[in-house]
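Protein chains in written order, with the working numbering: chain A, 106 to 149; chain B, 12 to 502.
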Amino acid sequence: MTAPFGFSWGTFAAILVVAGTIALAIIWSALSSRRGNGEEDGDE
Amino acid sequence: MSDMAVYSTVLAAYLVLLVAMGVWMGRRTRSAEDFYIGGRQVGPWVTAFSFVAAYFSSVVIIGGGAFGYRFGMSTLWVGASNVLIGCTLAWIVLGRRLWQFTKRLDTMTIPGFIGKRYGARDAEIFSAVIIFVFMIVYNVSVLVGMGKIMEGLMGIPYTTAVVVAGLIILIYVSIGGYLAVVWTSFVQAWIMIFGLLLLAFATLAKVGGLTAANIQLASIDPGLVTTPGVWGWGGLISFAMIVSLGVWGMPQLLVRFYSMKSTRVLRLGVVLATLGGAMALLPYLTGALSRLILPPLSGAEVDLAIPMVTKVVLNPWGGAIFLAGVMAAGMSTFASVLIIVSGAVVEDLRGGSRIQGGHAAGGAAGKREVALGRAASFGAGLISLAIAYRPPALVLVITAFAWAVIASSCLWPVVLGVYWRRGTRAGALSSMIAGTVVALGWMIAGRMMGGNPLGIHGFIPGVTVSLIVFVLVSLMTKPPAPELVSRAWGE
Chain A
106 MTAPFGFSWG TFAAILVVAG TIALAIIWSA LSSRRGNGEE DGDE
Chain B
12 MSDMAVYSTV LAAYLVLLVA MGVWMGRRTR SAEDFYIGGR QVGPWVTAFS
62 FVAAYFSSVV IIGGGAFGYR FGMSTLWVGA SNVLIGCTLA WIVLGRRLWQ
112 FTKRLDTMTI PGFIGKRYGA RDAEIFSAVI IFVFMIVYNV SVLVGMGKIM
162 EGLMGIPYTT AVVVAGLIIL IYVSIGGYLA VVWTSFVQAW IMIFGLLLLA
212 FATLAKVGGL TAANIQLASI DPGLVTTPGV WGWGGLISFA MIVSLGVWGM
262 PQLLVRFYSM KSTRVLRLGV VLATLGGAMA LLPYLTGALS RLILPPLSGA
312 EVDLAIPMVT KVVLNPWGGA IFLAGVMAAG MSTFASVLII VSGAVVEDLR
362 GGSRIQGGHA AGGAAGKREV ALGRAASFGA GLISLAIAYR PPALVLVITA
412 FAWAVIASSC LWPVVLGVYW RRGTRAGALS SMIAGTVVAL GWMIAGRMMG
462 GNPLGIHGFI PGVTVSLIVF VLVSLMTKPP APELVSRAWG E
């Protein structure tokens, strides 16, 4: 059975990795905001 | 309006905009810190998109398309590793710490960071020499790529294309410094993204969509749609690593982290860089699809896959926009590298980082440092330009080594420099020398044997040996002085 759009699953996984990376960046950003709470290095 | 007139109009408007931005930013450049890192005042949007623009050069677009053509859809994994390792993880792992460490150590360059972090002037000079030599060679490859695509799409002579593109960059970088580099790169990133999307969608429309394309590719060779497919694991993994993990040792990208105005920039920046970096998939995808449109290509013709498919699927205006995108990719990378080479000469080899008054000094001292930086960036650019004008065959061979050598030598002294207190001067220096020698030796052997040993790119053995040597030599030598460590860690 092929993956969506006619990809092989091994190749389609590359697209899933990109989607997962975008999610990772958003989650890290949100956690970083909560943790930093405005007290970051360099802020005046 | 003829095709040539359309291409010329779009390009002329674009080049005028770049020079205007250089002149504008030049008025805000008063100190060495302004010239090399924009006075540490760059925000998230400009940091993120200038990172992306410097990362993906015209070589990546044209070369990535060629890889896509040859090896098919498995090359999407290279794009995915660019996004995950080269963009997102680099920002998360290195962003905050590099900002903090370079600020505490009062340094504006990677060789300067290595020198002060390990108390190692010899390692600073070694990395500055490696950066000077191989970054200039790297820039030659970027210029050659730009010249070839202008020749292919516009029909203007290669030498004219190289001189026009090179001189425009020299002017705006030497006048505007780092701020000109990041602001022009910011604009260039959007042009690149738009151009790549335009070409990818036009190519997809031409082949009848993704599903139809995958079915047709599989009928040519099932290895064109599977992973690792016709490429094999050795080639795919080692190439993906050099163009993604290699970023962690590339000074023109790492500088984005310590030119941020605060570590708060990382929060939005990491998301923007990830989204922008996702465009890395497009050259590979378009290259793979182009096999269904173009007549069979072989040998060096494969490098023409992207220019050729552009002419087939886009009208002259679309082609001009894509050409501007490729030019943008090349120019932003070339400009970013020029600033790094200038810093290596003025700050590291000359010892400017130890000059009285500090980097942020304005006035006469600041003006003198800025003038030196401008002269060095102009000189470094002229050297690249002169070589690219009629590149000797040997230089073209060395360009293929440049990225791997720089990354193999700088990666671990930088990464472990911000995470491992036990790293020593001897460990850093020997790791840099070992990484350089092994990566170079492996690639030269590959060149002589007609293919990389075991099908593995020289970056992999280079960076592996560099890590082992760094750890072993550090553990075998006296721990670094406590004051050196406490200053770097801010204790």
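All C-beta atoms, glycine included, are put in the ideal place defined by N, C-alpha and C. Note that the structure is predicted; figures quoted are calculated from it, not measured.
Note to self: What are the residues in the stretch 438 to 466 of chain B lying within 7 angstroms of chain A by C-beta distance?
What the structure shows: Those residues of the stretch 438 to 466 of chain B that come within reach of chain A (Cβ to Cβ, closer than 7 angstroms) do not exist; the list is empty.
Next item on the list: List the residues of chain A that Thr222 (chain B) touches, going by C-beta distances under 8 angstroms, in chain order.
Entry: What Thr222 (chain B) touches in chain A: Phe110 and Gly111.
Margin query: Taking the beta carbon of Pro491 (chain B) as the centre, do at least 16 other beta carbons fall within 10 Å, making it buried, or is it exposed?
Written below: Result: buried.
Notebook entry, point to check: Helix, strand or coil: which one does DSSP assign to Val198 (chain B)?
Noted result: Helix at Val198 (chain B).
Next item on the list: Name the residue from B:Val480, B:Phe78 and B:Ala223 whose alpha carbon lies nearest to the alpha carbon of Gly434 (chain B).
Entry: Measuring from the Cα of Gly434 (chain B), the nearest candidate turns out to be B:Val480.
Note to self: Checking the sheet assignment: what are the DSSP bridge partners for Met165 (chain B)?
What the structure shows: Beta-bridge pairing links Met165 (chain B) to no other residue.
Next item on the list: State yes or no: is the beta carbon of Pro491 (chain B) nearer than 8 angstroms to at least one beta carbon in chain A?
Entry: Not one beta carbon of chain A lies nearer than 8 angstroms to the beta carbon of Pro491 (chain B).
Item checked: Arg51 (chain B), buried or exposed, once every other Cβ within 10 Å from all chains shown has been counted against 16 -> When all chains shown are included, Arg51 (chain B) counts as buried.
Next item on the list: Name the two residues that bound the continuous alpha helix (DSSP H) containing Trp259 (chain B).
Entry: Careful: Trp259 (chain B) lies outside any alpha helix (DSSP H) and carries neither H nor E.
Next item on the list: Please name the residue or residues paired with Met271 (chain B) in a DSSP beta bridge.
Entry: DSSP output for Met271 (chain B) lists B:Val53 as bridge partner(s).
Notebook entry, point to check: Just the Cα atoms here: how many angstroms apart are Trp259 (chain B) and Arg401 (chain B)?
Noted result: Between Trp259 (chain B) and Arg401 (chain B), the C-alpha separation is close to 32 angstroms.
Check: Considering only residues of the stretch 403 to 478 of chain B, which uninterrupted alpha helix (DSSP H) runs meet the minimum length of 4 residues and lie entirely inside it, listed in chain order?
Finding: If we require 4 residues or more, the alpha helix (DSSP H) runs fully inside the stretch 403 to 478 of chain B come out as 404 to 426 and 436 to 460.
Next item on the list: Could you have a look at Pro251 (chain B) and say whether DSSP puts it in helix, strand or coil?
Entry: The residue you asked about is not Pro; residue 251 (chain B) is Ala in the sequence shown. In the structure shown, Ala251 (chain B) adopts helical secondary structure according to DSSP, grouped into three states.
Checklist line | Sequence-distant residues of the same chain with beta carbon closer than 7 angstroms to Pro122 (chain B), five excluded per side | finding: So the qualifying residues of the chain are Glu135, Ser138, Ala139, Ile142, Ala355 and Asp359.
Notebook entry, point to check: Checking contacts by CB at 8 angstroms: is Arg302 (chain B) closer than that to chain A?
Noted result: Taking a beta-carbon distance threshold of 8 angstroms, Arg302 (chain B) does not count as an interface residue toward chain A.
Check: Taking the C-alpha atoms as reference points, what is the distance between Gln111 (chain B) and Gly246 (chain B)?
Finding: Those two C-alpha atoms are separated by around 37 angstroms.
Note to self: I'd like the span of the alpha helix (DSSP H) that includes Asn326 (chain B), first residue to last.
What the structure shows: According to the DSSP assignment, Asn326 (chain B) belongs to no alpha helix (DSSP H), since it is labelled neither H nor E.
Next item on the list: Give the residues from the stretch 333 to 361 of chain B that approach chain A closer than 8 angstroms (Cβ to any Cβ), ordered along the chain.
Entry: If the cut-off is 8 angstroms between Cβ atoms, the stretch 333 to 361 of chain B has nothing near chain A.
Note to self: For Val21 (chain B), which residues in the same chain have their Cβ closer than 8 angstroms to its Cβ, ignoring the five residues on either side in sequence?
What the structure shows: Scanning its chain for C-beta atoms nearer than 8 angstroms, with the 5 sequence neighbours on each side dropped, one finds around Val21 (chain B) the residues Trp328, Ala331, Ile332, Leu334 and Ala335, in chain order.
Item checked: Residues within the stretch 48 to 67 of chain B neighbouring chain A, beta-carbon criterion of under 9 angstroms -> Against chain A - using a Cβ distance shorter than 9 angstroms - the residues of the stretch 48 to 67 of chain B are Arg51.
Check: Of all the CB atoms in chain A, is at least one closer than 8 angstroms to the CB of Leu109 (chain B)?
Finding: At a cut-off of 8 angstroms between beta-carbon atoms, Leu109 (chain B) makes no contact with chain A.
Check: In the structure shown, what three-state DSSP assignment does Ile160 (chain B) receive?
Finding: Under the three-state reduction of DSSP output, Ile160 (chain B) falls in the helix class.
Note to self: Out of B:Leu296, B:Val151 and B:Ser61, which one is the CA nearest neighbour of Ile398 (chain B)?
What the structure shows: Considering only alpha carbons, the answer is B:Val151.
Margin query: For a test of the three-state rule: what should DSSP assign to Val17 (chain B), helix, strand or coil?
Written below: In the three-state scheme derived from DSSP, where H, G and I count as helix and E and B as strand, Val17 (chain B) is classed as helix.
Margin query: For a quick check, are the C-beta atoms of Leu164 (chain B) and Leu293 (chain B) less than 8 angstroms apart?
Written below: Here Leu164 (chain B) is not near Leu293 (chain B), since their CB atoms are 8 angstroms or more apart.
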